[in-house]
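Student: Here you go, one structure.
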Amino acid sequence: MSLLRVNNLRVVFETPYGQVKAVDGVSFEIERGEVVGLVGESGSGKSTLGLSIMKLLPPNARILSGQVIYNGVDLLRLKEDELRKIRGKEISMIFQDPMTTLNPTMRVGEHIAEALMYHYNMDKEEAWRIAKEVLESVGIPAERAMDYPHQMSGGMRQRVMIATAIALKPKLIIADEPTSALDVIVQDHILELLKDLRDRNKASIILITHDLSVTADIADRVLIMYAGRILEVGTVEHIYYHPHHPYTQGLLKSIPKLGSKSELYIIPGSPPDMTNPPSGCRFHPRCPYARGICMKEAPPLVKVEKGHLVACWLYIER
Amino acid sequence: MAGLREYIIVRLILTPAMVLILLTVVFLILRVLPGDPVRASVGPKVPEEYVQKIRHELGLDKPLYQQYIDYIVGLLHGDFGKSLITRRSFKEELLSRFAASLELALCSMLVAIPLGLSLGYLGATRRGSSLDHISRLLGVASYSIPVFWLGVILQLIFGIWLGIFPVTGGAPPSIKFRVPRITGMVMLDSLLSGDIEAFLITVKHMVLPSLTLGFVISGVINKVTRNAMLEVLSEDYVIAAKARGIPDFRIKIKYGLRNALIPILTIAGLQFALLMGGAVLTESTFSYSGLGTYMRDAVLSRDYTVVQAAVTLYAIIVAFVNLVVDIIYALLDPRIRY
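Each protein sequence line maps, in turn, to chains A and B. Quick note: the first sequence uses the working numbering, first residue 1, plus one each step. Quick note: the second sequence uses the working numbering, first residue 1001, plus one each step.
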């Protein structure tokens, strides 16, 4: 049994401009110890997907249908206090901006210690001792545990965030753009830390990012998301060397390469308005291969080879 | 926490400087106001020689810088000068009025802060519920109801119909004379001297004016608390805390209220300062002899030295409240340091 299985999840946001279909029928699964990269541009619904797994969506979001099966239990059906026991302890989360995700009036160590105290009924001293150990394991000296967040750099704060996410040894970590707010050198350190985490704790990681290259050396599999749907799933090799979906191909072509003299490729058009998304395949208005059927019907995810799925009419015999 | 100590020391040094600036402004404003205060106070029919005599007596014929020095030196010695009307020292009266106002302001805050804070907190944490609507309704009511009207209604209900509380505010004269003066605040003094009976009587007299003012002020605190809480509760660190499985109540207090306290404290400090001088309507309604009515009377009788002294006291209390608020800021928020 997979650690987590998401079945046909549909999430909408109620906004003054209409209903935004942020996640529209997404299904995937993740195995124990597996790292899955969830790649998509801004507004593709990848962060919403991450938040819905933990049921941490903002009040104007509504889950229309679907299941999030974790260890055989549908998280979407759990009560708030049952969910609370899972959050942090079984599934934890790392957020994008370390400048805003730590409580400014709380010492960094307490972020970790309080979670230990609530989940394990630990006494304060024990919790702080472990908090310091965890901080050291992510490269922060124990004495900095008494610092307030503003006394640390962005990179250090993200390490603290990671420490809060791993302190309870969760089996699944959802990392939502963990490196996007950091500069390149620090990005690299954080990615190393995540890899280390996967090896040491045997945790599964969902790495949400808009940057394909971030997933390249850490992910086992990559999901390509566009306009609330998954367009392609495959191993890193499938996605990088044999991309099938025209969108994935476009994405890869638009990664700048060192030494290349030719102009950078840009996928024509712009991301769809999600209050009124395109009919059929969501990508058809921007797709160079779009045909009649693409406008009428959404293509299902089909297998093109083992472990490689694509949702595109190009690969479906009719 | 070396930063905190430095911060407090710097604040402590800055406060007297601020008070001096305030005092100078008060002094200058009263000198540049059109019209001769002495002439205005005695009326047009009094002969000029007599006016000159009074001016000389009060030191108003000296050059401006000399008057300023006299004023500041006098203040440092606790001398507020002489009243233009009675031509006698009014220090005693001023200080007792000041103490009474301070007492009323403190009691009103004792009503306003718990009421405003809890209503705002409940409104924000149960947004959209009927409790939230009630809290907002009470908030709007509190700052749209005229304070004297509310005072009169409370007098009518509790004073006349139910007869629980006296309709006049402040300790009755018999109590005032009975209780030894320690701080000037009768409630506190009676408690300090162990006169429980006097304390209870004074408390009874304080209830209605404090409720009236406290309710009016609570609306602002309620609104600020609600807004600040809503803002803080939508911060990323609140979602992050939820993702760690931290219990809801702890998130609301330690992550929510704790971070919302800064704007709440700011408004509470401002309201307190306002209460000190601006409680004229409440003081009139309850015939409470505080600084507000005293200043009103002084203004009406053009007793400029008394006005100057009252404004001076007011300036000092504002500066002091500011100092306290600044220090609490630093205690609440580790980012506030030099």
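The beta carbon of each residue, even a glycine, is placed where N, CA and C say it ideally should be. A quick note: this is a predicted structure, and the numbers were derived from the prediction, not measured.
Leaving out the 5 sequence neighbours to the left and right, which residues in its chain are closer than 6 Å to residue 1317 (chain B) when beta-carbon positions are compared?
Tutor: The answer, listed in chain order, is 1276.
Student: Look up residue 1336 (chain B) in the DSSP assignment and say whether it is helix, strand or coil.
Tutor: Three-state result, residue 1336 (chain B): coil.
Student: Could you pull out every residue in the same chain whose Cβ sits closer than 8 Å to the Cβ of residue 1001 (chain B), ignoring the five residues on either side in sequence?
Tutor: The predicted position of residue 1001 (chain B) is uncertain, since its pLDDT is 49 and thus under 50; no value can be drawn from it.
Student: Are the stretch 1257-1273 of chain B and the stretch 1040-1054 of chain B touching by the rule of at least three beta carbon pairs closer than 8 Å?
Tutor: Touching, no, given that fewer than three Cβ pairs across the two stretches are closer than 8 Å.
Student: Looking at the secondary structure, which residues open and close the alpha helix (DSSP H) in which residue 305 (chain A) lies?
Tutor: Not the alpha helix (DSSP H): residue 305 (chain A) falls in the beta strand (DSSP E), residues 302-305.
Student: On the CB-based measure, 16 or more other CB atoms within 10 Å of its CB, does residue 96 (chain A) come out buried or exposed?
Tutor: Buried: at least 16 other Cβ atoms inside 10 Å.
Student: Give me the residue from A:186, A:61, A:109 and A:2 with the minimum Cα distance to residue 135 (chain A).
Tutor: When each option's Cα is compared against that of residue 135 (chain A), the closest is A:109.
Student: Tell me which residues share the same chain as residue 1230 (chain B) and place their Cβ nearer than 6 Å to its Cβ, disregarding the 5 neighbours each side in the sequence.
Tutor: Excluding residues within five positions, the ones whose Cβ falls inside 6 Å are 1124.
Student: Nearest chain B C-beta to residue 15 (chain A) closer than 8 Å, yes or no?
Tutor: No, no contact with chain B.
Student: Would you call residue 1326 (chain B) buried or exposed, if buried means 16 or more other Cβ atoms sit within 10 Å of its Cβ?
Tutor: Counting Cβ neighbours within 10 Å, residue 1326 (chain B) comes out buried, since at least 16 surround it.
Student: In the DSSP assignment, the beta strand (DSSP E) including residue 27 (chain A) goes from what residue to what residue?
Tutor: Note, residue 27 (chain A): beta strand (DSSP E), 18-30.
Student: Is the CB of residue 1160 (chain B) under 8 Å away from at least one CB in chain A?
Tutor: Chain A, which has no Cβ nearer than 8 Å to the Cβ of residue 1160 (chain B), makes this no.
Student: Would you grab the beta carbon distance between residue 179 (chain A) and residue 191 (chain A) for me? Rounded to a whole angstrom, and I think it's under 8 Å.
Tutor: Their Cβ separation, rounded to whole angstroms, is 6 Å, which keeps residue 179 (chain A) and residue 191 (chain A) in contact under 8 Å.
Student: For chain A, find out if any of its Cβ atoms is closer than 8 Å to the Cβ of residue 1001 (chain B); answer yes or no.
Tutor: Confidence in residue 1001 (chain B) is poor, its pLDDT being 49 and thus under 50, which makes the residue's placement unreliable; the coordinate value appears in the next sentence. No, no contact with chain A.
Student: Would you kindly check if the distance between the Cβ of residue 1181 (chain B) and the Cβ of residue 1349 (chain B) is under 8 Å?
Tutor: This structure gives no information on residue 1349 (chain B), because the portion of chain B shown stretches from 1001 to 1338.
Student: Between B:1084, B:1091, B:1265 and B:1314, which has its C-alpha nearest residue 1333 (chain B)'s C-alpha?
Tutor: Measuring from the Cα of residue 1333 (chain B), the nearest candidate turns out to be B:1265.
Student: What residue range does the beta strand (DSSP E) around residue 182 (chain A) cover?
Tutor: Unbroken run through residue 182 (chain A): none, as it is neither H nor E.
Student: Residue 1112 (chain B) and residue 991 (chain B) - do their beta-carbons sit closer together than 8 Å?
Tutor: What is shown of chain B runs 1001 to 1338, which leaves residue 991 (chain B) out entirely.
Student: Quick one: Cα of residue 1071 (chain B) to Cα of residue 1169 (chain B), how far?
Tutor: Rounded to the nearest angstrom, the two C-alpha atoms are 34 Å apart.
Student: Which bits of chain C does residue 150 (chain A) rub up against, with CB to CB less than 8 Å?
Tutor: Reference to chain C is not applicable here, since the protein chains of this structure are A and B.
Student: For residue 1116 (chain B), report the span of its alpha helix (DSSP H) as first-last.
Tutor: From DSSP, the alpha helix (DSSP H) with residue 1116 (chain B) extends over 1091-1125.
Student: If you draw a straight line from the alpha carbon of residue 231 (chain A) to that of residue 53 (chain A), how long is it in whole angstroms?
Tutor: Cα to Cα, the separation comes out at about 20 Å.
Student: Give a yes or no on whether the minimum CB-CB distance between residue 106 (chain A) and chain B is below 8 Å.
Tutor: Judged by the 8 Å Cβ criterion, residue 106 (chain A) is in contact with chain B.
Student: Per the contact definition of three or more C-beta pairs closer than 8 Å, is the stretch 1006-1025 of chain B in contact with the stretch 1280-1288 of chain B?
Tutor: No, the stretch 1280-1288 of chain B is not in contact with the stretch 1006-1025 of chain B.
Student: Applying the 10 Å Cβ sphere with the 16-neighbour rule, what's the burial state of residue 276 (chain A)?
Tutor: Exposed, since its Cβ has fewer than 16 Cβ neighbours within 10 Å.
Student: So the candidates are A:2, A:39 and A:309; which of them puts its Cα closest to the Cα of residue 252 (chain A)?
Tutor: When each option's Cα is compared against that of residue 252 (chain A), the closest is A:39.
Student: In terms of residues, what are the limits of the beta strand (DSSP E) holding residue 14 (chain A)?
Tutor: Looking at the DSSP string, the run of the beta strand (DSSP E) that includes residue 14 (chain A) is 4-15.
Student: Relative to the alpha-carbon of residue 307 (chain A), which residue among A:199, A:51 and A:236 has its alpha-carbon at the smallest distance?
Tutor: Of the candidates A:199, A:51 and A:236, the one whose C-alpha sits nearest the C-alpha of residue 307 (chain A) is A:236.
Student: Leaving out five residues before and five after residue 70 (chain A) in sequence, what residues of the same chain have Cβ atoms less than 6 Å from its Cβ?
Tutor: Only 4 meet the Cβ criterion.
Student: Suppose contacts are defined by Cβ-Cβ distances below 8 Å. Is residue 46 (chain A) in contact with residue 225 (chain A) by that definition?
Tutor: Cβ atoms of residue 46 (chain A) and residue 225 (chain A): closer than 8 Å.
Student: Where does residue 96 (chain A) sit, in a helix, a strand or coil, going by DSSP?
Tutor: Note: residue 96 (chain A) maps to coil in three-state DSSP.
Student: Give the interface partners of residue 103 (chain A) over in chain B, defined as CB-CB distance under 9 Å, in chain order.
Tutor: Result: 1235, 1237, 1238, 1240, 1241, 1254, 1255, 1258 and 1259.
Student: Any C-beta of chain B within less than 7 Å: which residues of the stretch 177-198 of chain A qualify?
Tutor: Those would be none; no residue qualifies.
Student: Give the residues of chain A in contact with residue 1247 (chain B), contact being defined as C-beta atoms less than 8 Å apart.
Tutor: Simply 84 and 118.
Student: When DSSP builds the beta bridges, which residues end up paired with residue 226 (chain A)?
Tutor: The partner list for residue 226 (chain A) (beta bridge, DSSP) reads A:229.
Student: Under 7 Å, CB to CB, which of the residues in the stretch 36-59 of chain A have a partner in chain B?
Tutor: Hits within the stretch, in order: 54 and 56.
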